[in-house]
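Just below is one structure, and these are the notes that go with it.
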Amino acid sequence: KLHSDLDKGVGTVKYTLSGDGAGTVFTIDETTGDIHAIRSLDREEKPFYTLRAQAVDVDTKKPLEPESEFIIKVQDINDNEPKFLDGPYVASVPEMSPVGAYVLQVKATDADDPTYGNSARVVYSILQGQPYFSIDPKTGVIRTALPNMDREVKEQYQVLIQAKDMGGQLGGLAGTTTVNITLTDVNDNPPRFPKSIFHLKVPESSHVGSAIGRIRAVDPDFGKNAEIEYNIVPGDGGNLFDITTDEYTQEGVIKLKKPLDFETKKAYTFKVEASNLHLDHRFHSVGPFKDTATVKINVLDIDEPPVFSKPMYTMEVYEDTPVGTIIGAVTAQDLDAGSSSVRYFMDWKNDVDSYFTIDATEGTIATNELLDRESTAQYNFSIIASKVSNPLLTSKVNVIINVLDVNEFPPEISVPYETSVCENAKPGQVIQTITAADKDLSPAGQRFSFKLSSEASNKPNFTVHDYRNNTAGIETRRNGYSRRQQELYFLPVVIEDSSYPVQSSTNTLTIRVCRCDSDGTIQSCNVEAIFLPVGLSTGALIAILLCIVILLVIVVLYVALRRQKKKDTLMTSKEDIRDNVIHYDDEGGGEEDTQAFDIGALRNPKVIEDNKIRRDIKPDTLRFTRHRPPAEDNTDIRDFINQRLQENDVDPSAPPYDSLATYAYEGNGSVAESLSSIDSLTTEADQDYDYLSDWGPRFKILADMFGEEESYNPDKVT
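The sequence shown begins at 1 in full-length UniProt numbering and counts up one residue at a time.
Below, the structure is given as structure tokens:
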């Protein structure tokens with residue numbers, strides 16, 4: 001209510017209201033000044049309003065007092081329930097957790113004024129989820145309420161939480177939320193086999209490394225806590241098998257480590273242990289986290305091929321053993337219950353296998369040809385055994401036959417020796433050490449003996465010293481040797497072996513006498529060196545040879561220079577003779593220029609003597625026929641030439657006469673004399689040109705031109 005001291009209650013004062021909510025939320029009685037709320041107020045929407053009031057004179061409309069400001073505050077009531085803004089909640093806790101284990105903290109928010117009354121004081125409680133969990137009424141922390149909750153029994157829990165204001169008193173408003181709690185797994189359960197004995201049946205033909213069966217232990221845990229490791233307990237038959245874990249199914253896969261044989265053993269029994277890989281020390285007191293089961297494996301009989309008594313057979317036979325001699329036998333048998341008979345035959349691969357045969361029933365191997373150790377020392381082939389009851393079932397074994405040596409070759413010197421002895425050698429000097437070799441396969445400890453032949457033992461030149469270690473030395477017996485007297489010595493050496501029967505051979509050593517220096521170094525072993533002057537050193541010989549080579553080079557150079565000089569002189573003289581004909585550097589002035597070169601060299605001397613004056617003649621008009629080929633294509637050229645001839649004939653400034661000259665003169669004594677046709681007494685009509693056709697294709701055009709007669713207009717021929 002507003003009231004002015006100037007208001008006497010006679011209706012002369014009018015009250016006005018302005019500010020927040022004036023006219024919309026609040027209104028004022030203009031006469032009494034009473035302020036009323038015209039709609040509901042919500043503190044959570046707007047907790048206070050600021051208004052301005054003024055008293056105005058009704059008549060003059062002028063303010064009676066200054067404008068005053070006042071605040072209307074909205075008082076809170078409990079009209080908002082608590083709300084869980086983050087709900088619903090999801091939480092987890094390990095199984096087997098103790099009582100009071102922390103799970104989750106929830107929080108509810110109340111929009112009422114916390115400073116006024118208990119409208120915003122919230123209390124938490126569990127409506128659903130007891131007796132497994134509890135909640136702190138003030139903080140909202142949820143904890144476990146029961147011990148040893150087992151995930152394998154129940155894994156998921158749904159808890160309903162309530163938050164109530166007014167401190168939980170009657171009449172307070174409440175809100176709820178849901179908390180989904182999951183028990184996480186721990187390794188609290190050992191693996192267990194569902195049965196104590198597993199029976200497996202395995203064919204005896206199963207391959208090593210193949211899987212022959214599976215067993216499985218059950219672990220109710222989850223994830224890595226359920227991973228199982230399988231092991232075979234050492235015992236009967238366990239060494240023939242192995243077991244691994246399938247990481248996807250956690251099954252134990254039993255594999256074969258060694259081959260099975262029904263005839264040897266028909267059944268195997270062993271134990272398998274299953275244990276967890278990841279243990280939890282908190283549950284060791286529960287007991288061992290492993291279990292054991294028995295596995296019984298029955299081997300199934302399969303029809304198998306024969307089995308040889310040995311994986312490989314090795315036999316020996318002497319070379320040159322008579323054909324048909326038995327050198328050994330192979331044995332194979334059928335180990336199946338039926339015990340079928342076995343047949344043997346050779347696995348033919350090449351011609352070498354034909355040296356032996358095998359008895360199909362007994363398996364004995366005999367020679368089929370004579371053997372030679374020096375040709376082939378070892379034979380390797382295969383024998384196949386098959387069952388009579390089932391020939392398709394076969395097995396194979398390798399047979400190696402070593403051919404033993406018979407002492408049939410004598411020992412010989414191992415390599416050809418080039419033995420030399422110095423002219424100044426002393427008696428007892430070793431000049432060569434020799435060894436021997438035998439083509440036979442020498443047994444261990446065989447010895448070779450060396451000695452001189454009987455005819456050489458009486459000669460006083462050389463002797464043989466046997467060192468008793470399969471080597472011998474050649475020693476001198478004289479004091480000095482002379483190349484002038486004898487250059488070569490031939491020493492027969494007898495070599496014997498120690499095998500039976502004893503074989504021996506005589507080997508001849510060639511010993512060359514050489515010139516040596518005082519230290520025994522060989523200088524020359526050639527015969528030509530004997531005739532060289534005594535005392536001529538090697539350096540002097542090289543100098544003499546070098547001088548001879550230099551002299552030969554000088555002679556060759558001198559002869560070459562002489563030939564070159566003679567050739568140059570000849571070329572110069574030839575060029576001088578023909579200089580007037582071919583060596584000039586200008587074209588000249590034509591027929592009128594007689595000073596450019598000496599034309600006398602081209603003239604016949606006889607003509608020069610007979611005609612001292614100038615031989616200029618006036619051309620006469622001749623009438624003759626010429627043999628020309630039909631030339632239709634040369635009409636334009638012929639017309640052009642005739643036109644120029646007529647122009648020169650009527651030209652008074654042209655030379656009136658032709659200058660006669662004899663060209664291509666070969667010189668005095670020529671049988672042909674002058675080859676020029678200008679001075680010839682005969683005419684073209686008297687010439688016979690038939691011989692041109694005999695000169696070949698190059699003269700075919702000339703032969704065609706002069707071979708046929710054609711009449712021409714004499715006015716066109718000059």
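Positions of the beta carbon are idealized from the N, C-alpha and C atoms, including for glycine. From a predicted model like this one, the values you see are computed outputs, not experimental measurements.
Alpha-carbon to alpha-carbon, residue j and residue i
| i | j | result |
| --- | --- | --- |
| V330 | T357 | 12 Å |
| K195 | A145 | 38 Å |
| T376 | I365 | 18 Å |
| Q333 | P391 | 13 Å |
| N187 | N276 | 9 Å |
| A437 | E423 | 31 Å |
| K290 | Y268 | 23 Å |
| D59 | K14 | 9 Å |
| T325 | G213 | 53 Å |
| E65 | S4 | 8 Å |
| T433 | F450 | 11 Å |
| H465 | L551 | 55 Å |
| D42 | D20 | 14 Å |
| L6 | I38 | 28 Å |
| S420 | L509 | 10 Å |
| V493 | C525 | 23 Å |
| F133 | E69 | 57 Å |
| L127 | A163 | 10 Å |
| Q169 | V286 | 48 Å |
| A101 | R143 | 5 Å |
| E362 | S354 | 19 Å |
| E45 | I72 | 14 Å |
| F308 | I400 | 15 Å |
| H284 | T178 | 36 Å |
| V559 | V549 | 16 Å |
| M705 | L692 | 10 Å |
| S297 | E229 | Looking at the sequence provided, one finds Ile at residue 297 rather than Ser. In a straight line, the C-alpha of I297 is about 21 Å away from that of E229. |
| M166 | I181 | 29 Å |
| E575 | K565 | Residue confidence is low: E575 scores 48 on pLDDT, short of 50, so the model does not pin down where it sits. Its coordinate-derived value is still stated next. Computed Cα separation, rounded: 16 Å. |
| F48 | I35 | 15 Å |
| G209 | P190 | 30 Å |
| K8 | T31 | 11 Å |
| Y248 | N225 | 14 Å |
Boundaries of the beta strand (DSSP E) in which residue i is found, first to last residue
| i | result |
| --- | --- |
| E263 | Careful: E263 lies outside any beta strand (DSSP E) and carries neither H nor E. |
| N398 | 394-404 |
| D57 | 48-57 |
| E69 | 68-73 |
| P94 | 89-94 |
| A436 | 430-437 |
| F699 | That residue, F699, is in no beta strand (DSSP E); it is neither H nor E in DSSP. |
| M346 | 342-346 |
| Q130 | Premise fails: Q130 is in no beta strand (DSSP E) and is neither H nor E. |
| residue 720 | Within the shown structure, residues of the chain are numbered from 1 to 718, placing residue 720 beyond reach of any answer. |
| N180 | 174-184 |
| G11 | First-last for G11: undefined, no H or E at that position. |
| K387 | 378-387 |
| S97 | Unbroken run through S97: none, as it is neither H nor E. |
| L160 | 156-164 |
Residue i: first and last residue of the uninterrupted alpha helix (DSSP H) it sits in
| i | result |
| --- | --- |
| Q643 | 635-649 |
Beta-carbon proximity check, residue i vs residue j, cutoff 8 Å
| i | j | result |
| --- | --- | --- |
| L183 | N80 | no |
| S453 | T506 | yes |
| N402 | Q378 | yes |
| F381 | D347 | yes |
| V430 | I474 | yes |
| I161 | I135 | yes |
| L491 | F462 | yes |
| K266 | V233 | no |
| I215 | V295 | yes |
Any C-beta of chain D under 8 Å from that of residue i
| i | result |
| --- | --- |
| V494 | Here chain D cannot be found, since the structure has a single protein chain. |
Cβ-heavy atom distance, residue i to the ligand ZN, below 7 Å
| i | result |
| --- | --- |
| I548 | Among the components of this structure there are no ligands whatsoever, and the ligand ZN is therefore not found. |
Give a yes or no on contact between the segment 506-526 and the segment 467-483, applying the rule of three or more CB pairs nearer than 8 Å.
-> yes
Can you check the segment 451-517 for any beta strand (DSSP E) of at least 3 residues that lies completely inside it and give the ranges in chain order?
-> 462-466, 471-476, 488-496, 504-516
Would you say the segment 401-414 touches the segment 334-348, given that touching needs at least three Cβ pairs under 8 Å?
-> no
So, do the segment 121-130 and the segment 147-155 have three or more beta carbon pairs nearer to each other than 8 Å?
-> no
Could you pull out every unbroken beta strand (DSSP E) segment of at least 3 residues lying fully inside the UniProt domain "Cadherin" (194-308), listed in chain order?
-> 197-203, 211-216, 228-233, 241-245, 251-256, 267-276, 290-300
How do the segment 248-257 and the segment 298-316 stand: do at least 3 beta-carbon pairs fall below 8 Å, yes or no?
-> no
Does the count of Cβ pairs from the segment 85-93 and the segment 21-30 closer than 8 Å reach three?
-> no
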